[in-house]
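Below, the structure written as structure tokens:
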């Protein structure tokens, strides 16, 4: 067991799976980098360095640099997946789904059902989410809710390096298309990560913190903000139970419902915009299936229904923070008392 | 005579002339007919199966037995069969919304196809795909596609699999003149060139994208001509002439299989029906289809050519066609009699595991 960053954990997962299975290939823009330049290959290794070095071991046939051509990358990965490879395609920023959504939404996600159960599409799409770098409206979104709404896709939203490795290995070994969302501000976040390969099953939430007063469901970076808020609240005598679903499709409904049955109070924290979102989805789940246990209205702490702003001052207001989470928890905790 | 695009590197007629010294009858294009009797009969069987299938689907659709929409391939048979004659079962194709012909040419089971169109449990996709999503991965048929321009990127992927795993197979996308204008197609062609993949992009120009003429919608009026801009060799052939299509396919497949990379074939063809069955076709001339059926019927051309060259007899062709007619009749009876998908099928096969 070694302390590793999320970047290292993801790299290790790719490296170990590529060694294990020759059908695993990495494809995307600058996954090695430097092709067709005067400099050396492997000039980039992905924009955030996750795939750096892979080309040295596995060669250009399995670490495939592409032009900037998202539709062709996603389509090629889907077509390769249905014919015998296990591609890990990189969609550099999740915002770019706008130029390739058909190949994910109408093609990869649908093959199995519309072909009567005969197709397998073992495809992983790694993509970057999240605001906080002043990357503005087209490089900062968290559209995992859009992916989650599509039957046929699985969606992973890890919050730490241990989960990132186990979930990515599971994604690569999975026979369905998986969208793997990596938060751009979390690549350097460290946890202990086993050196050997391991999998974390999809649809199993992680209870990050036990507590009996308020259930807080949070995703990706918001897990850490929720934990920060929980520390503050504990000092005030309010105990939060923090649930990190880890995958939004499948969603571990049971863990959320069981917790709410105990606490009677729910706050959902989601960096994405609020309409038709995971926050709304989880709130609806609880309203539908655990209404009789609720002691207070469900509160959602989300981004506003706006594009992500550029100015750091505005972006700070856009992203949910520990203070807003704590305020929401206090509100539901105090409701009816 | 096939015409070359610039830079026209793949010439059905030109390179075939180099083989003039070979024995065998030649066709009108001047090149050697490369197929033996058995292969010619197989091609005739496939083309007549498509024609009979489509004519019957038109009837059954009009009578209300087939739900949804069907887009008929009648008139274009020489394209699908001319190309697929060169492909083996492990080679792959991706098709369009007008996919019945490609499916039959690639070896999909006709009875299961008919059942699929009727929305029955015995259908090729268990009644869950329908006309626009017919697929049979075991036959290398990666699916008809409801999205115009959806297939070519998938074919790049199939070709990537072939190259990466060294299977020696090739992957072919069929796209219409309408689809030829989609950005996905341009991206697919470029990526196939960049990665030097064994992919073939076939553009079936039937003159119409939905209800709009290709002469309006294809800005350059030359689909094959665009290929040069992507660094792809291209050839344009008449879809009335099975042999011209086949010769172009033979060269493109050989090129792809031997590591020569991707190429483009534009097939100048025509459709005997509308965009979809039931299309009033107000955009077509009064006797246009009648004229096409008289002058440009690829089945008639095939029959004339093989009989005049003494390769096959009329009686042999008639016997095959009678077989085919009986098969289609049985397939309709079977489709009508087949069970509907059970209600629980609604929820199955969304995922392998979930």
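Protein chains in written order, with the numbering used here: chain A, 27 to 363; chain B, 2 to 355.
For glycine and all other residues, C-beta sits at the position ideal for the given N, C-alpha and C.
*C-alpha distance - residue 139 of chain A paired with residue 314 of chain B, whole-angstrom precision*: Roughly 45 Å separates the two Cα atoms.
_Below-7 Å beta-carbon distance, residue 188 of chain B vs any chain A residue_ = Interface residue, yes.
*Return the chain-ordered ranges of every alpha helix (DSSP H) run that is complete within the stretch 106 to 194 of chain A and spans a minimum of 4 residues.*
Complete alpha helix (DSSP H) runs here, min 4: 137 to 140 and 170 to 174.
*If residue 358 of chain A and residue 240 of chain A are in contact, beta carbons under 8 Å, what's the gap, nearest whole angstrom?*
Separation of the CB atoms of residue 358 of chain A and residue 240 of chain A is rounded to 6 Å, and the pair is thereby assigned contact status at 8 Å.
*Which chain B residues sit within Cβ distance under 7 Å of residue 122 of chain A?*
Chain B residues near residue 122 of chain A: none, gap ~13 Å exceeds 7 Å.
*Interface residues of chain A facing residue 75 of chain B [CB-CB closer than 7 Å]*: Neighbours of residue 75 of chain B across chain A, judged by C-beta separation under 7 Å, do not exist; the nearest C-beta is about 24 Å away.
*Would you check if there are 3 or more beta carbon pairs closer than 8 Å linking the stretch 32 to 50 of chain B to the stretch 321 to 331 of chain B?*
The stretch 32 to 50 of chain B is in contact with the stretch 321 to 331 of chain B.
*Please check the pair residue 75 of chain A and residue 33 of chain A, which I expect to be a contact at CB under 8 Å, by giving their CB distance rounded to whole angstroms.*
Contact annotation, residue 75 of chain A with residue 33 of chain A: C-beta distance approximately 6 Å; criterion of less than 8 Å satisfied.
*Using only alpha-carbon positions, find the residue among B:238, B:265, B:204 and B:94 that is nearest to residue 230 of chain B.*
Among B:238, B:265, B:204 and B:94, the Cα nearest to that of residue 230 of chain B belongs to B:265.
*Kindly list, in the order they appear in chain A, the residues whose Cβ is closer than 8 Å to that of residue 350 of chain B.*
Those within 8 Å of residue 350 of chain B in chain A are 138, 139, 142 and 143.
*Closest Cβ-Cβ distance between residue 339 of chain B and chain A: below 7 Å?*
Judged by the 7 Å Cβ criterion, residue 339 of chain B is not in contact with chain A.
*Of the residues B:159, B:148 and B:288, which one's Cα is nearest the Cα of residue 141 of chain B?*
Check the Cα spacing between residue 141 of chain B and each of B:159, B:148 and B:288: the tightest is with B:159.
*Run down chain A in chain order and give the residues with a C-beta less than 7 Å from the C-beta of residue 93 of chain B.*
Contact note: residue 93 of chain B reaches chain A through 109, using a C-beta cutoff of 7 Å and chain order.
*asked:* Looking at the strands, I want to know which residues DSSP matches up with residue 249 of chain A.
replied: Beta-bridge partners assigned by DSSP to residue 249 of chain A: none are found.
*In terms of residue numbering, what span does the alpha helix (DSSP H) encompassing residue 60 of chain B cover?*
For residue 60 of chain B, the enclosing alpha helix (DSSP H) begins and ends at 38 to 64.
*asked:* Given this structure, state the Cα-to-Cα distance separating residue 193 of chain A from residue 205 of chain B, to the nearest angstrom.
replied: Roughly 44 Å between the two C-alpha positions.
*Taking 7 Å as the CB-CB cut-off, is residue 121 of chain B touching chain A?*
Not closer than 7 Å to any Cβ of chain A, the Cβ of residue 121 of chain B fails to qualify, so no.
*asked:* With a threshold of 7 Å between beta carbons, is residue 162 of chain B in contact with chain A?
replied: Chain A, which has a Cβ nearer than 7 Å to the Cβ of residue 162 of chain B, makes this yes.
*By a C-beta neighbour count over all protein chains shown, 10 Å radius and 16 as the cutoff for buried, is residue 196 of chain A buried or exposed?*
Counting every other CB atom within 10 Å of its CB across the protein chains shown gives residue 196 of chain A a total of 16 or more, marking it as buried.
_Delimiting residues of the beta strand (DSSP E) encompassing residue 266 of chain A_ = Note, residue 266 of chain A: beta strand (DSSP E), 266 to 270.
*Residues from the stretch 46 to 73 of chain A in contact with chain B, defined by Cβ distance under 7 Å*: The residues in question are 51.
*Closest Cα partner of residue 66 of chain B within the set B:108, B:35, B:118 and B:90*: Considering only B:108, B:35, B:118 and B:90, the residue with the shortest C-alpha distance to residue 66 of chain B is B:118.
*What does residue 334 of chain A pair with, by DSSP beta-bridge criteria?*
Residue pairing of residue 334 of chain A in beta bridges, as defined by DSSP: absent, with no partner found.
_Where residue 305 of chain B falls, given that 16 or more other Cβ within 10 Å makes a residue buried_ = Result: exposed.
*residue 202 of chain A touches chain B at which residues, Cβ-Cβ below 8 Å?*
Within chain B, the residues near residue 202 of chain A are 352, 353, 354 and 355.
*Can you tell me whether DSSP reads residue 26 of chain B as helix, strand or coil?*
Summary for residue 26 of chain B: the model assigns pLDDT 46, below 50, so the residue's position carries little reliability, and this model does not support an answer.
*Report all residues from its chain with a CB closer than 7 Å to the CB of residue 197 of chain B; omit the five preceding and five following residues, and keep chain order.*
262, listed in sequence order.
*Looking at chain A, which residues of the stretch 84 to 109 of chain B have a Cβ within less than 7 Å of any of its Cβ atoms?*
Going along the stretch 84 to 109 of chain B in chain order, one finds 93 with a Cβ nearer than 7 Å to chain A.
*asked:* Looking at residue 215 of chain A: is its Cβ nearer than 7 Å to the Cβ of residue 355 of chain A?
replied: No, the pair does not count as a contact, with Cβ atoms beyond the cut-off.
*Close Cβ partners of residue 181 of chain B (< 6 Å) along its chain, the five nearest in sequence each way excluded*: Closer than 6 Å at the Cβ level, and outside the excluded window around residue 181 of chain B, lie 204 and 224.
*Consider the Cβ of residue 148 of chain B: report whether some Cβ of chain A lies at a distance smaller than 7 Å.*
Yes, because at least one Cβ of chain A sits closer than 7 Å to the Cβ of residue 148 of chain B.
*Between residue 322 of chain A and residue 316 of chain A, what straight-line distance do the alpha-carbon atoms span, to the nearest angstrom?*
Distance between the alpha carbons of residue 322 of chain A and residue 316 of chain A: 12 Å.
*What residues in the stretch 182 to 210 of chain B bring their beta carbon closer than 8 Å to a beta carbon of chain A?*
Within the stretch 182 to 210 of chain B, 184, 185, 188, 189, 191, 192, 195 and 196 place their CB atoms closer than 8 Å to a CB of chain A, listed in sequence order.
_Length of the line joining the Cα atoms of residue 275 of chain A and residue 183 of chain A_ = In this model, residue 275 of chain A and residue 183 of chain A are separated by some 10 Å (Cα to Cα).
*Is the Cβ of residue 12 of chain B closer than 7 Å to any Cβ of chain A?*
Only weak support is given to the placement of residue 12 of chain B: the predicted model assigns it a pLDDT of 36, under 50, and the value that follows is read from those uncertain coordinates. Output row for residue 12 of chain B: interface = no.
*Pick out the complete alpha helix (DSSP H) segments inside the stretch 208 to 263 of chain A, 4 residues or longer, and give them in chain order.*
Runs of the alpha helix (DSSP H) lying entirely within the stretch 208 to 263 of chain A and spanning at least 4 residues, in chain order: 247 to 261.
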